[in-house]
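Chain order of the listed sequences is A and B.
If you read the first sequence in the working numbering, its first letter stands for residue 10, the second for the next number, and so on.
If you read the second sequence in the working numbering, its first letter stands for residue 710, the second for the next number, and so on.
Glycine included, every Cβ here is placed at the ideal spot set by N, Cα and C.
Please read all numbers here as calculations on a predicted model, not as lab measurements.
Shown next, in structure tokens, is the structure this report addresses.
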Amino acid sequence: MRLSCSDLVIYVIFMLDDTDRRLLRLWQDTPDLSVADLAAAAGLTAGRAGRRLDRLREAGVLLGQQAVIHWPALGYAVQVSLRVSLDKTAARAFDDFIAAARAVPEVIEIQTFLGRVDVRLCVIARDLVHYQSIYRAHILTLPHIADIESLMTIAAVKSEEALPI
Amino acid sequence: MTPDDTDRALLRLMQHDAGQPASQLGRKLGLSQPATWRRIKALRAAGVLGAPRLVLDAASLGFGVTVFLGVKLATKGRVSLEDFERTVTAIPEVQTVEHVLGLYDYRLRVVARDLADFERVLRRRVMTLPGVGDVEANVLLSEERRPGPL
């Protein structure tokens, strides 16, 4: 059997030294810092910190910075987690479902799981009336749904998503 | 605050990459650097734009497993919620904690090196949390964030 390169998944684990770790920890805690401030806080010159960060970028460890949007400030007060079980007898259930879910603008996260839940969608809405209209018109019409459960988010108690490095 | 179309375009660009300088963002929108900066500051002040999130590749740092836990509390009441929240947020492997309404009381995102490491976190840290009852675990296979209704 011929194996192509794409059949092999190799995870190369990047070994951080103490200085890398200090830089990433500080930056995770305060992502607002400029490279100069970050360097000063880590006890490095801006040049050395910059070179370290470049190396982490090249190694694919540091992927970038993403804006965090607070949807309630834009009038989206409701956030619901929809836990979906799919009809796995349909061959393309996952692909079809995810492709259709991407077309719903109010869906802000799509995750797939191994476990009791197959797919989770995070849906935002302006209020409960708006949520109900999205749910009926755009969610329940998604293909191959076997079962759906919802959890409404009351509060985000911790949300930085930092890695314990 | 009601952002205009330019603000929305700016937010979309920053969702994709918030590391780029204001001058570069401005060029893509046909704005000057100071005008772009003023808009970013206004979006920040209005609470629309939070501090950016540093995106690290978990797998290349040796974190191979992400698990979402649904946690039901066995005992409820104001004190138990506060106790639970204080203890759970202090666990380094717990990346997010959401208080939810429905089948579970809390939803946790937990990162671990591998399944054995996850089992250690689950047994030693999560199952010993004050007031913890039923716990359901789902292992994350894939994840995508969408731009949302901008």
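Item: Given this structure, state the Cα-to-Cα distance separating B/Leu722 from A/Leu72, to the nearest angstrom.; Value: 16 Å
Item: Which first and last residues belong to the beta strand (DSSP E) in which B/Gly779 is found?; Value: 774-782
Item: Per the contact definition of three or more C-beta pairs closer than 8 Å, is the region 157-168 of chain A in contact with the region 711-726 of chain B?; Value: no
Item: Taking a Cβ distance cut-off of 8 Å, strictly less, list which residues of the region 762-774 of chain B are near chain A, in chain order.; Value: Arg762, Leu763, Val764, Leu765, Asp766, Ala767, Ala768, Ser769, Leu770, Gly771, Phe772, Gly773
Item: For a contact defined as C-beta to C-beta under 8 Å, what are the partners of B/Asp726 on chain A?; Value: Gly73, Gln74, Gln75
Item: A/Thr121 CB to nearest chain B CB: under 8 Å?; Value: yes
Item: With a cut-off of 8 Å, do at least 3 Cβ pairs link the region 133-146 of chain A to the region 84-93 of chain A?; Value: yes
Item: Give the DSSP-derived three-state secondary structure of A/His79 in the structure shown.; Value: coil
Item: DSSP on A/Leu12, reduced to helix/strand/coil?; Value: The predicted model places A/Leu12 with a pLDDT of 48, which falls under 50 and marks its position as unreliable; any figure quoted below should be read in that light. Here A/Leu12 sits in coil by DSSP.
Item: May I have the straight-line CA-CA distance separating B/Leu854 from B/Arg736, to the nearest angstrom?; Value: Residue identity check: residue 854 of chain B is Arg in the sequence provided, not Leu. Cα to Cα, B/Arg854 sits roughly 25 Å from B/Arg736.
Item: When the Cα atoms are used, what is the spatial distance from A/Ser142 to B/Thr805?; Value: 29 Å
Item: Sorted by chain position, which residues of the same chain lie with C-beta nearer than 6 Å to A/Asp156's C-beta, five sequence neighbours on each side aside?; Value: Ser94
Item: Taking the continuous beta strand (DSSP E) assigned at B/Ser851, which residues delimit it?; Value: 841-854
Item: Could you pull the DSSP bridge partners for B/Tyr815 from this structure?; Value: B/Val780, B/His808
Item: Within a Cβ cutoff of 7 Å, which residues of the same chain sit near B/Val830, ignoring the five residues on either side of it in sequence?; Value: Glu802, Val819, Ala821
Item: Measuring straight from C-alpha to C-alpha, what distance separates A/Glu169 and B/Leu763?; Value: 9 Å
Item: Here's the rule I'm using: 16 or more other beta-carbon atoms within 10 Å means buried, otherwise exposed. How should B/Val788 be labelled?; Value: exposed
Item: Taking Cβ-Cβ distances shorter than 8 Å, what residues in chain B pair up with A/Pro40?; Value: Ala760, Pro761, Arg762, Leu763
Item: Which whole-angstrom value describes the C-beta separation of A/Ala76 and B/Ala727, a residue pair presumed to lie in contact below a C-beta threshold of 8 Å?; Value: 4 Å
Item: Need the endpoints of the beta strand (DSSP E) that A/Leu95 sits in, please.; Value: 87-95
Item: Just to confirm, are A/Asp105 and A/His153 a CB contact at a threshold of 8 Å?; Value: yes
Item: Could you check whether the Cβ of A/Val93 sits closer than 8 Å to any Cβ belonging to chain B?; Value: no
Item: Quick one: residues in its chain with C-beta nearer than 6 Å to the C-beta of B/Lys781, no 5 flanking neighbours on either side, listed in chain order?; Value: Tyr813, Asp814, Gly842, Asp843
Item: For my contact list, B/Leu790 and B/Val835 are in at a C-beta cut-off of 8 Å; report their separation, rounded to the angstrom.; Value: Wrong, their Cβ atoms sit about 16 Å apart, outside the cutoff.
Item: Residues in the same chain with beta-carbon distance under 8 Å from A/Thr54, minus the five sequence neighbours each way, listed in chain order, please.; Value: Ala48
Item: Check this for me: beta carbons of A/Leu123 and B/Leu824, under 8 Å apart or not?; Value: no
Item: Should A/Asp41 be labelled buried (16 or more other beta-carbon atoms within 10 Å of its own) or exposed?; Value: exposed
Item: Start and end of the beta strand (DSSP E) containing A/Ser159?; Value: 154-167
Item: Name, please, each residue of chain B whose Cβ falls closer than 9 Å to the Cβ of A/Ser90.; Value: Glu807, Val809, Gly811, Arg816
Item: Going along chain B in order, which residues have a C-beta closer than 9 Å to the C-beta of A/Ile150?; Value: Per the sequence shown, the amino acid found at residue 150 of chain A is Thr instead of Ile. Result: empty, since nearest Cβ-Cβ is about 18 Å, beyond 9 Å.
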